[in-house]
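In my numbering, the protein residues as written are 348 to 461. Think of the CB as a built atom: it goes at the ideal place given N, C-alpha and C, for glycine as much as any other residue. Below: the structure, in structure tokens.
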């Protein structure tokens with residue numbers, strides 16, 4: 348698990364929120380909270396954060412940033428179509444304000460229980 352993934356996991360543990368890691372759902376979410384919350388922790392480099400990369404920047408091999416964005420968007424859409432609530436957090440957002448990320452997760456959990 349990456350450093351930002353571990354940061355989210357620690358906060359969830361402190362908040363006593365049960366989760367699983369890397370379950371076999373499309374895109375393999377980094378964190379999964381029953382019944383249907385899939386959380387992806389997107390590394391700024393590996394997922395070509397648009398704050399740092401332009402669409403035609405080559406990131407991995409021959410893949411450009413826009414290729415990576417398209418794949419991530421498709422993964423999110425397919426999971427949502429299957430009934431999953433998908434949350435994505437950029438690495439720098441977790442590093443800058445992890446509590447804000449946790450608040451968003453808790454908000455989604457509370458909304459899903461209604």
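Tell me the DSSP bridge mates of residue 434?
386
When you compare the CB positions of residue 448 and residue 454, do they come within less than 8 Å of one another, or not?
no
Where residue 379 and residue 408 are concerned, what is the direct C-alpha to C-alpha distance, given to the nearest angstrom?
29 Å
Give a yes or no on contact between the region 382 to 392 and the region 427 to 438, applying the rule of three or more CB pairs nearer than 8 Å.
yes
Leaving aside the five residues before and after residue 459 along the sequence, list all residues of the same chain whose C-beta is less than 8 Å from its C-beta, in chain order.
382, 383, 384, 432
Which residues in the same chain as residue 425 place their Cβ atom closer than 6 Å to its Cβ, once the five residues preceding and following it in sequence are excluded?
373
Is the CB-CB distance between residue 412 and residue 398 below 8 Å?
no
Residue 371, buried or exposed, once every other Cβ within 10 Å from all chains shown has been counted against 16
exposed
Comparing C-alpha positions only, which one of 361, 391, 362 sits nearest to residue 350?
391
Contained alpha helix (DSSP H) runs [length at least 4] in the region 359 to 408, N- to C-terminal order:
none
Going by the DSSP bridge assignment, what does residue 350 pair with across the sheet?
Per DSSP, none; premise fails for residue 350.
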